[in-house]
Amino acid sequence: MTDSALICVPPDRTAVLWPHVREMIEAGLAAGDEVLPDGLLERLADGRVLLWIAVVDERIVAAMLTALLPRKSGLVCKMLATGGTDFDIWKGWHVRIEEYARAENCVKVESECRPGFSRVLDGYRTVRHVIEKRL
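Just so we're on the same page, my numbering is the position in the sequence shown counted from 1, plus 46.
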(Lines of atoms letter the chains of each structure in order from A; the text may use other names.)
(Lines give C-alpha, C1' and ligand atoms only; values in the text may rest on other atoms or scores of the structure.)
Protein backbone atom coordinates (compact mmCIF):
# COMPACT_ATOMS: atom_id res chain seq x y z
CA MET A 47 0.00 0.00 0.00
CA THR A 48 1.26 3.48 -0.87
CA ASP A 49 1.46 6.01 1.95
CA SER A 50 0.61 9.45 0.51
CA ALA A 51 -0.16 12.90 1.89
CA LEU A 52 -0.75 16.45 0.73
CA ILE A 53 1.08 18.94 2.93
CA CYS A 54 0.86 22.72 3.05
CA VAL A 55 4.44 23.70 3.84
CA PRO A 56 4.78 26.25 6.65
CA PRO A 57 6.19 29.48 5.18
CA ASP A 58 9.30 29.30 7.36
CA ARG A 59 10.16 25.87 5.86
CA THR A 60 9.79 26.70 2.15
CA ALA A 61 13.43 27.74 1.67
CA VAL A 62 14.58 24.32 2.89
CA LEU A 63 12.25 22.47 0.50
CA TRP A 64 12.62 24.81 -2.48
CA PRO A 65 15.62 23.00 -4.05
CA HIS A 66 13.55 19.78 -4.04
CA VAL A 67 10.47 21.28 -5.74
CA ARG A 68 11.78 24.08 -7.95
CA GLU A 69 11.93 21.95 -11.12
CA MET A 70 8.37 20.72 -10.55
CA ILE A 71 7.09 24.28 -10.20
CA GLU A 72 9.08 25.40 -13.25
CA ALA A 73 7.58 22.50 -15.24
CA GLY A 74 4.10 23.65 -14.20
CA LEU A 75 4.87 27.17 -15.38
CA ALA A 76 6.47 25.94 -18.61
CA ALA A 77 3.10 24.94 -20.01
CA GLY A 78 2.22 28.64 -20.06
CA ASP A 79 5.69 29.75 -21.20
CA GLU A 80 6.22 31.63 -17.94
CA VAL A 81 9.19 31.92 -15.62
CA LEU A 82 9.40 32.04 -11.86
CA PRO A 83 8.27 35.52 -10.85
CA ASP A 84 10.71 37.86 -9.16
CA GLY A 85 10.31 37.84 -5.40
CA LEU A 86 8.62 34.43 -5.31
CA LEU A 87 10.81 33.11 -2.49
CA GLU A 88 10.04 36.19 -0.42
CA ARG A 89 6.30 35.72 -1.02
CA LEU A 90 6.63 32.07 0.00
CA ALA A 91 8.59 33.02 3.13
CA ASP A 92 6.01 35.55 4.28
CA GLY A 93 2.99 33.37 3.42
CA ARG A 94 1.53 35.45 0.56
CA VAL A 95 2.10 32.38 -1.65
CA LEU A 96 1.82 28.88 -0.23
CA LEU A 97 3.75 25.78 -1.25
CA TRP A 98 1.87 22.48 -1.21
CA ILE A 99 3.65 19.15 -1.71
CA ALA A 100 2.37 15.67 -2.46
CA VAL A 101 4.46 13.10 -0.65
CA VAL A 102 4.36 9.39 -1.48
CA ASP A 103 6.38 6.97 0.63
CA GLU A 104 8.45 9.90 1.99
CA ARG A 105 9.22 11.14 -1.56
CA ILE A 106 7.98 14.46 -2.94
CA VAL A 107 6.18 13.63 -6.19
CA ALA A 108 4.40 16.94 -6.88
CA ALA A 109 4.35 20.58 -5.88
CA MET A 110 1.83 23.38 -6.24
CA LEU A 111 1.74 27.07 -5.43
CA THR A 112 -1.42 28.87 -4.32
CA ALA A 113 -2.26 32.46 -3.49
CA LEU A 114 -5.33 34.21 -2.13
CA LEU A 115 -6.33 37.11 -4.36
CA PRO A 116 -8.98 39.74 -3.68
CA ARG A 117 -11.43 40.21 -6.56
CA LYS A 118 -14.65 42.17 -7.01
CA SER A 119 -16.61 38.97 -6.41
CA GLY A 120 -14.66 38.14 -3.23
CA LEU A 121 -11.51 36.31 -2.21
CA VAL A 122 -10.21 33.76 -4.73
CA CYS A 123 -7.76 30.93 -4.12
CA LYS A 124 -5.66 30.63 -7.26
CA MET A 125 -3.62 27.52 -8.02
CA LEU A 126 -0.60 29.16 -9.63
CA ALA A 127 1.63 26.32 -10.80
CA THR A 128 1.53 22.55 -10.49
CA GLY A 129 4.11 19.99 -11.52
CA GLY A 130 5.19 16.51 -10.62
CA THR A 131 5.04 12.80 -11.35
CA ASP A 132 2.65 9.98 -10.44
CA PHE A 133 -0.41 12.11 -11.26
CA ASP A 134 -2.89 9.31 -10.55
CA ILE A 135 -1.80 9.34 -6.90
CA TRP A 136 -2.14 13.09 -6.26
CA LYS A 137 -4.74 14.22 -8.79
CA GLY A 138 -7.37 14.46 -6.05
CA TRP A 139 -5.46 17.09 -4.11
CA HIS A 140 -7.69 19.83 -5.42
CA VAL A 141 -10.22 18.68 -2.81
CA ARG A 142 -7.81 19.70 -0.01
CA ILE A 143 -7.17 23.02 -1.75
CA GLU A 144 -10.93 23.58 -1.91
CA GLU A 145 -11.23 22.82 1.83
CA TYR A 146 -8.46 25.30 2.55
CA ALA A 147 -10.15 27.93 0.33
CA ARG A 148 -13.49 27.49 2.12
CA ALA A 149 -11.76 27.87 5.49
CA GLU A 150 -10.25 31.15 4.21
CA ASN A 151 -13.72 32.36 3.08
CA CYS A 152 -12.88 32.23 -0.61
CA VAL A 153 -15.72 32.42 -3.11
CA LYS A 154 -13.94 30.19 -5.63
CA VAL A 155 -10.81 28.33 -6.61
CA GLU A 156 -9.30 29.00 -10.01
CA SER A 157 -6.33 27.86 -12.03
CA GLU A 158 -4.72 28.63 -15.33
CA CYS A 159 -3.58 25.16 -16.24
CA ARG A 160 -3.22 22.68 -19.04
CA PRO A 161 -6.57 22.00 -20.75
CA GLY A 162 -6.52 18.38 -19.59
CA PHE A 163 -6.91 19.36 -15.95
CA SER A 164 -10.52 20.50 -16.50
CA ARG A 165 -11.33 16.96 -17.63
CA VAL A 166 -9.87 15.23 -14.56
CA LEU A 167 -10.76 17.63 -11.72
CA ASP A 168 -14.36 17.11 -10.58
CA GLY A 169 -16.53 20.19 -10.73
CA TYR A 170 -14.09 22.38 -12.69
CA ARG A 171 -14.96 23.88 -16.06
CA THR A 172 -13.14 25.99 -18.60
CA VAL A 173 -14.26 29.61 -18.29
CA ARG A 174 -11.71 31.40 -20.44
CA HIS A 175 -8.88 30.71 -22.80
CA VAL A 176 -5.65 32.61 -23.00
CA ILE A 177 -4.61 33.62 -26.49
CA GLU A 178 -1.47 35.40 -27.57
CA LYS A 179 0.34 36.67 -30.62
CA ARG A 180 4.10 36.39 -30.65
CA LEU A 181 5.84 39.43 -32.05
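Every residue gets a Cβ at the ideal spot worked out from N, C-alpha and C, and that includes glycine.
From a predicted model like this one, the values you see are computed outputs, not experimental measurements.
*Just grab the DSSP bridge partners of Leu-52 for me.*
Your numbering for residue 52 matches position 6 in the sequence shown. Ala-100.
*asked:* Please classify Lys-179 as buried or exposed, where buried requires at least 16 neighbouring CB atoms within 10 angstroms.
replied: What you label residue 179 is simply residue 133 of the sequence shown in a count that begins at 1. In this predicted model, Lys-179 has a pLDDT of only 46, less than 50, meaning its place in the structure is not dependable enough to derive any value.
*Endpoints, the alpha helix (DSSP H) within which Leu-115 is located*: If you number the sequence shown from 1, residue 115 lands on position 69. Where Leu-115 is concerned, there is no enclosing alpha helix (DSSP H), although the beta strand (DSSP E) it sits in stretches over 105 to 117.
_Straight-line Cα distance separating Gly-120 from Leu-114_ = For this step, residue 114 is matched to residue 68 along the sequence shown. For this step, residue 120 is matched to residue 74 along the sequence shown. Distance between the alpha carbons of Leu-114 and Gly-120 is about 10 Å.
_Endpoints, the beta strand (DSSP E) within which Val-155 is located_ = Counted from its first residue, the sequence shown places residue 155 at position 109. Segment 154 to 157, the beta strand (DSSP E) holding Val-155.
_Where Leu-82 sits in the DSSP three-state scheme_ = In the sequence shown, residue 82 corresponds to position 36, counting from 1. Residue state, collapsed to three classes: coil.
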